[in-house]
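These notes concern the structure reproduced below.
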């Protein structure tokens, strides 16, 4: 069991509730006008489990605990990873079971989406043929699941809560994410309902366990119907620094996109690169280093 603490900004009052499992980050917590919803994962004993807890914060609020369906870890070699995001009043939850069989990695992923106000609803579910290493929201109703599949990085987009139909699929051969935390994901929503997303990636040949190694910034165009297309990559020339006066790793993956006033930049290690967008592609325009 874990505690969730909320501080009211106006009264400075603190409220605390006990919930099963621990949220992975702040985006596993969602507040409505009358309830607080918390996704938590539990790994202390036995097979890992995941829960959705609802806490009534007003007289007409909801209170319940729902255990989420996840694959069963059949052996010590199995690893379960959980990812989740709230999209409006729906929860999109993904569970991936990774199993090493001799020298082969087998991945089974299950995706579940349902309305949080209906605790007994089975919602919609489907299997994916790639790992779910992150689930991120796209605007007001869409979300994207990203993860590895053998030697490629796969993107699957959906319009919540409908996961029966995949709106878009995009594959990057011989690529991996350099940082899988949600802080490394950036999405710029455009007026037409689509947008541009970016995050740090490396090729399989370049992949490094060093957090000081700069990665590229991969950009993906999201159409209003949540279909996907590659928008290019701003590549790094940086080498891991040998000495740092303050910090060598001020951003996640040591690379990040910057969307500013219609312009596209990328911080790549000790370089700042500006990209020029034309015909749906972002190409390098200028680069400075320090």
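In the numbering used here, the protein residues as written are 656 to 945.
Don't be surprised by glycine CBs; every beta carbon is placed ideally from N, CA and C.
Note that the coordinates shown come from a computational prediction; the quantities given were computed from them, not determined experimentally.
Next on the checklist: Excluding the 5 residues flanking residue 945 on each side, which residues of the same chain have their C-beta closer than 7 angstroms to its C-beta?
Outcome noted: For the purposes of this step, residue 945 is taken as the residue at position 290 of the chain shown. Non-local C-beta neighbours of residue 945 in its own chain, meaning closer than 7 angstroms and more than five positions away in sequence, comprise 925, ordered along the chain.
Checklist entry - Does the Cβ of residue 850 have 16 or more other Cβ atoms within 10 Å, making it buried, or fewer, making it exposed? => result Walking along the chain shown from the start, residue 850 turns up at place 195. Residue 850 comes out buried.
Checklist entry - Short check: CB of residue 829 to CB of residue 870, under 9 angstroms? => result Here residue 829 refers to the residue found at position 174 of the chain shown. Here residue 870 refers to the residue found at position 215 of the chain shown. It is not a contact, given that the beta carbons lie outside the stated cut-off.
Next on the checklist: With H, G and I counted as helix, E and B as strand and the rest as coil, what does DSSP make of residue 859?
Outcome noted: Translated into the one-based positions of the chain shown, residue 859 becomes position 204. Three-state result, residue 859: coil.
Item to check | Simplified DSSP assignment, three categories, for residue 681 | outcome: The residue you call residue 681 lines up with position 26 of the chain shown. Looking at residue 681 - three-state DSSP - the assignment turns out to be helix.
Checklist entry - How is the beta strand (DSSP E) around residue 799 delimited, first residue to last? => result Translated into the one-based positions of the chain shown, residue 799 becomes position 144. Start and end: 797 to 804.
Checklist entry - The beta strand (DSSP E) spanning residue 658 covers which residue range? => result On the chain shown, residue 658 is found 3 positions in, with the first residue counted as 1. Its beta strand (DSSP E) spans residues 657 to 662.
Next on the checklist: Can you find the residues in the same chain that come closer than 6 angstroms, C-beta to C-beta, to residue 881, ignoring five residues on each side of it along the sequence?
Outcome noted: Start at 1 with the first residue of the chain shown, and residue 881 comes out as number 226. So the list reads 797, 812, 814, 822 and 823, once near-sequence residues are dropped.
Checklist entry - Out of curiosity, what's the CA-to-CA distance linking residue 795 and residue 677? => result On the chain shown, position 140 is the one that residue 795 refers to. On the chain shown, position 22 is the one that residue 677 refers to. Each residue's alpha carbon lies about 26 angstroms from the other.
Checklist entry - Can you give the Cα-Cα distance for residue 772 and residue 721, rounded to whole angstroms? => result One-based indexing of the chain shown puts residue 772 at position 117. One-based indexing of the chain shown puts residue 721 at position 66. Cα to Cα, residue 772 sits roughly 11 angstroms from residue 721.
Next on the checklist: Quick check on DSSP: helix, strand or coil for residue 948?
Outcome noted: Residue coverage of the chain in this structure runs from 656 to 945, which leaves residue 948 outside it and unanswerable.
Checklist entry - DSSP puts residue 695 in a beta bridge; with which residues? => result Your numbering for residue 695 matches position 40 in the chain shown. Answer by DSSP bridge pairing, in chain order: 706.
Next on the checklist: Check for me: the beta strand (DSSP E) holding residue 790 runs from which residue to which?
Outcome noted: Position 135 of the chain shown holds residue 790. From DSSP, the beta strand (DSSP E) with residue 790 extends over 789 to 793.
Next on the checklist: Closest to residue 742 by C-alpha separation, out of 793, 843 and 918, would be which residue?
Outcome noted: Position 87 of the chain shown, counted from the start, is the residue given in the question as residue 742. Measuring from the Cα of residue 742, the nearest candidate turns out to be 793.
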